[in-house]
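Novice: Numbering (our numbering), first residue to last: 1225 to 1708.
Built from N, CA and C at the ideal position, the CB exists for glycine as well.
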Amino acid sequence: MLQRVLLIGLMGWSLLGSSAPAMAQKVQSAPFSYLPEQGSDRYDMRVPRKTLPLADGSGFVILAHQNAGGYAVERYDTQLKKQWSTTIPVTPGETLEAFGHGPQQALVVLHHKDESGQNLSVIAVNMQSGQKSATKVVMTALARDRRPGVSISPDGSRLLAFRYFTREQQVKSIAATLFDQNLGQLEQKTYDFRDLGDFFSPAVHVANDGTQYVTLVSDGMKKLTVRRYPTGKYTEIKVLGVPVGGTFGGKPVTIRDAKFSVLNDGSLYAAALCADYKTGEYYSLKVVKYDFSGAGDMKFSPEFRFTPAYLTEVGKASGADIKRLEDVYLADLLLTADKQLVVIAEKHFEEGGSESPVHARELHVFGYNEFGQPTWHNIVAKNQVAPAVDAYTGIGFRAAVFGNTVQLLTLESINKKSDLYLRRINAQTGVVGPPERLKLNVADDQQLAYVKDFTAWLGEKTIIGVSRPNKKSSALQLEKIVVK
C-alpha cells in the first residue's frame, strides 16, 4: 500500500515537474580558468570533487586544472573573493591522485611513473597563507607493480598511502603508511590476504582517528567483506563479511557493481547490484551496514528485487520500453539526520568510441529506514547528453543531505531551457519535488558548458558551481547561487 500511495504522489509531482519552475534566487559570479583533463585522466575520475567547503563556513578551496603544466589550489571567501592562489606544477609522467583539506592544510597528491618506478608525493598548502610545502614522497613502488593508492580521512587529519603486492595479478598483501596532517609518519601496517583466495576490487579507507578499513568483493564475486585495522601495533583485526550472491531459483547470481562508504554515523555501508552471471540480467539490490563498535555487527537489509513490475515503473518514468536493466551503476550512499539511508544508482553509457557523446539517464533511488528496512523507491527521469570533451564531468548529478531532505542538482534541457535544475527528495517518504530551474541559462552548444566536479553546497540554500552562460563566450564562470 505504501508503494502505491507513493507512486500516486509521484505521478502528481511528475505533472508539476513538467513545467520546471524557476526559483527565486541571487547569483554572484567570478571569472574562472579551467582546462579539461586529457588522456586517461578524463576517465579515471580519481578526484571527482574539486570544490571543498571549509568546516568553519568561511568559504571553500578549489583545485583547478588551469594549464597543461599543472593545477592551482585556490581559496575563496563566501563572496567569491579569491584569498590566494598557489600553483601545483605537474611534470611529464605525473597525474593527479587525490585532493583533500583539514583545518591547517590542503593536500594535493600526485602519482609519478617512469621506467625506474612509481611514487606518490604530497604537496601541502597552508590554508591561511597559501604557501606550499616541499614535495614529500609518501609511497614508492616498482614500475611493474599495480598503481599505489592513497586515502584521506573526511576531516583531512589523516593520510594513508599504500602499495599492493601481487602474484599473477592477485593481490596477496598491502603495505600501508599512516601520516598526520603535517605529513609526520604515525605508523606502518601490512594487510595480509593470503588466506582469502581470489577477491576483487580491494579499496582502503581511513577514518578521522586513523582506523583503516579494507573493503573487498570475494568468494567468486559473491561476498562483501570488510576488514578493520585499528591504530596501534597489537590490535585485533576484525573481519565482517556477508554473502550477497549465490544460486537462487537455479540462477547463479554474482555482484555486478558494489560501493562502500563510511557515512556520518561512523559506520561503513555497502550496496551491491547483483545480476544473473550467465545472462547479465540485473537481479537485485542488496545493502549492508557494518558496525564495528563494541563486538562488531552487521545489519543486512532485505533485498530489493528487480521484478517485471519494477521494469514497468522504469519504462513509465523514462518513456521507453524497458525489457531489462542495462548500464546502471551505483553512484551515491547518503545518510540523513534521522539515519534514513538513501542509495542512488544511475544509468550511464557511451554511444560508441572514446570520442562519442556520453549519456546519463534515469536515477534509481532507494530509501531505507533507521532499522535497515526498505521503505520506498523511485525513478527520477532525466535525459543528459554531453560531448566527449566533458562527458565525465559535465553530466550525471550532485547530491547533498540537509536534515531529512536530499537535494539533487543536474544539468538538463527542459522545455528547451538548458540550465542547472534542483530537485528535493523527502528521504522519509521518497516523494520527489519538481525540477526547479536555477536561471543560469547554461550554454547548450555541445562545447564545455558545466563542470560537475566543482559543484558543492556551502549550506542548505547556497550552491557553488562552474558553468558557461548561454551567450557568445567561451569563458567559464565560478558561481554562487543563493536559493531564496
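Cα separation between I1705 and L1682?
Specialist: For I1705 and L1682, the distance between alpha carbons rounds to 10 Å.
Novice: For P1467, which of E1460, Q1412, V1450 has the nearest alpha-carbon?
Specialist: When each option's Cα is compared against that of P1467, the closest is V1450.
Novice: Measuring alpha carbon to alpha carbon, tell me which residue in D1433, A1427, P1526 is nearest T1439.
Specialist: Of D1433, A1427, P1526, the residue nearest in Cα terms is A1427.
Novice: Can you give me the Cβ contacts of G1490 inside the same chain, cut-off strictly under 8 Å, excluding the 5 residues immediately before and after it?
Specialist: Answer for G1490: A1431, S1517, listed in chain order.
Novice: Roughly how many whole angstroms lie between the Cα atoms of C1498 and I1479?
Specialist: So the two alpha carbons sit approximately 4 Å from each other.
Novice: Could you please give the first and the last residue of the uninterrupted beta strand (DSSP E) stretch that includes S1788?
Specialist: Summary: the structure shown does not reach residue 1788, with the chain confined to residues 1225 through 1708, and so no result is reported for it.
Novice: Could you tell me if L1239 is buried or exposed, where buried requires 16 or more neighbouring beta carbons within 10 angstroms of its beta carbon?
Specialist: The predicted position of L1239 is uncertain, since its pLDDT is 34 and thus under 50; no value can be drawn from it.
Novice: Hey, is the segment 1392-1406 in contact with the segment 1414-1424, meaning 3+ C-beta pairs nearer than 8 Å?
Specialist: The segment 1392-1406, when compared against the segment 1414-1424, does touch it at the 8 Å Cβ threshold.
Novice: Among residues of its own chain, excluding the 5 on either side of L1230, which ones have a beta-carbon nearer than 8 Å to its beta-carbon?
Specialist: For L1230, the predicted structure reports a pLDDT of 33, less than 50, and the residue's modelled location is therefore unreliable. A value from the coordinates is still provided. Here the set comprises W1600, N1602, T1653, G1654, V1655.
Novice: Do M1363 and R1382 have their C-beta atoms within less than 8 Å of each other?
Specialist: In this structure, R1382 does not lie closer than 8 Å to M1363 by Cβ.
Novice: Leaving out the 5 sequence neighbours to the left and right, which residues in its chain are closer than 7 Å to G1373 when beta-carbon positions are compared?
Specialist: Within the same chain, G1373 has close Cβ partners F1386, V1428.
Novice: Determine, using beta-carbon pairs with one atom in the segment 1308-1325 and one in the segment 1283-1296, whether at least three such pairs fall under 8 Å.
Specialist: A contact exists between the segment 1308-1325 and the segment 1283-1296.
Novice: What is the DSSP secondary structure of T1599, counted as helix, strand or coil?
Specialist: In this structure, T1599 counts as strand in the three-state DSSP scheme.
Novice: Please state the DSSP three-state secondary structure of L1383.
Specialist: Strand.
Novice: Report the partner residues of Y1295 according to the DSSP bridge assignment.
Specialist: The partner list for Y1295 (beta bridge, DSSP) reads H1289, I1312.
Novice: Under 8 Å by Cβ, that's how I've got M1247 and L1646 pegged, so tell me the actual separation to the nearest angstrom.
Specialist: At roughly 7 Å, the Cβ-Cβ gap stays under 8 Å, so M1247 and L1646 are in contact.
Novice: Cα-Cα, which of L1276, I1649, G1293, D1545 is closest to P1378?
Specialist: Ranking the options by Cα distance to P1378, first place goes to L1276.
Novice: DSSP three-state label for T1401, please.
Specialist: Correct three-state label for T1401: strand.
Novice: From what residue to what residue does the beta strand (DSSP E) around V1332 run?
Specialist: Per DSSP, V1332 belongs to the beta strand (DSSP E) from 1329-1338.
Novice: Whose C-alpha, out of L1535, K1305, G1444, is nearest the C-alpha of S1425?
Specialist: Answer by Cα proximity: G1444.
Novice: Would V1178 be called buried (16 or more neighbouring beta carbons within 10 Å of its own) or exposed?
Specialist: The structure shown does not extend to residue 1178, since the chain spans only 1225 to 1708, so no value can be given for it.
Novice: Could you compute how far the alpha carbon of S1375 sits from the alpha carbon of N1639?
Specialist: For S1375 and N1639, the distance between alpha carbons rounds to 42 Å.
Novice: Mind checking whether L1558 and V1630 have CB atoms under 8 Å apart?
Specialist: Contact: yes.
Novice: Rounded to whole angstroms, what is the Cα-Cα separation between K1563 and E1594?
Specialist: C-alpha separation (whole angstroms): 5 Å.
Novice: Which stretch, first to last residue, makes up the beta strand (DSSP E) that contains L1565?
Specialist: Residues 1565-1574.
Novice: Between A1482 and V1441, how many whole angstroms is the CB-CB distance? I'm expecting something under 8 Å.
Specialist: A1482 to V1441, Cβ: 6 Å. Contact.
Novice: Determine the extent of the alpha helix (DSSP H) in which E1537 is found, giving its start and end residues.
Specialist: Note, E1537: alpha helix (DSSP H), 1532-1542.
Novice: With a CB to CB cut of under 7 Å and the five nearest residues on each side skipped, what residues in its chain are close to V1297?
Specialist: V1285, L1287, T1310, I1312, A1330, V1332, V1349, listed in sequence order.
Novice: Does the distance from the C-beta atom of G1657 to that of T1560 stay below 8 Å?
Specialist: No, these two residues do not count as a Cβ contact at 8 Å.
Novice: Can you name the residues that DSSP bridges to I1638?
Specialist: K1641, per the DSSP bridge assignment.
Novice: Could you check whether the Cβ of Q1329 sits closer than 8 Å to any Cβ belonging to chain C?
Specialist: This model lacks chain C altogether, as it is built from one protein chain only.
Novice: Have a look at R1692, K1708, K1696 and flag the residue whose alpha-carbon is nearest the alpha-carbon of A1254.
Specialist: Closest by alpha carbon: R1692.
Novice: Closest to F1484 by C-alpha separation, out of T1401, L1554, T1471, S1508, would be which residue?
Specialist: The candidate whose alpha carbon is nearest that of F1484 is L1554.
Novice: To the nearest whole angstrom, what separates the beta carbons of G1591 and A1673, a pair I think is in contact under 8 Å?
Specialist: Not really, about 32 Å apart at Cβ, beyond 8 Å.
Novice: Which residues in the same chain have their Cβ closer than 7 Å to the Cβ of K1337, if we skip the five residues on either side of it in sequence?
Specialist: Only G1317, A1367 meet the Cβ criterion.
Novice: Could you pull out every residue in the same chain whose Cβ sits closer than 8 Å to the Cβ of Y1295, ignoring the five residues on either side in sequence?
Specialist: Same-chain partners within the cutoff: L1287, A1288, H1289, T1311, I1312, V1314, L1320, V1332.
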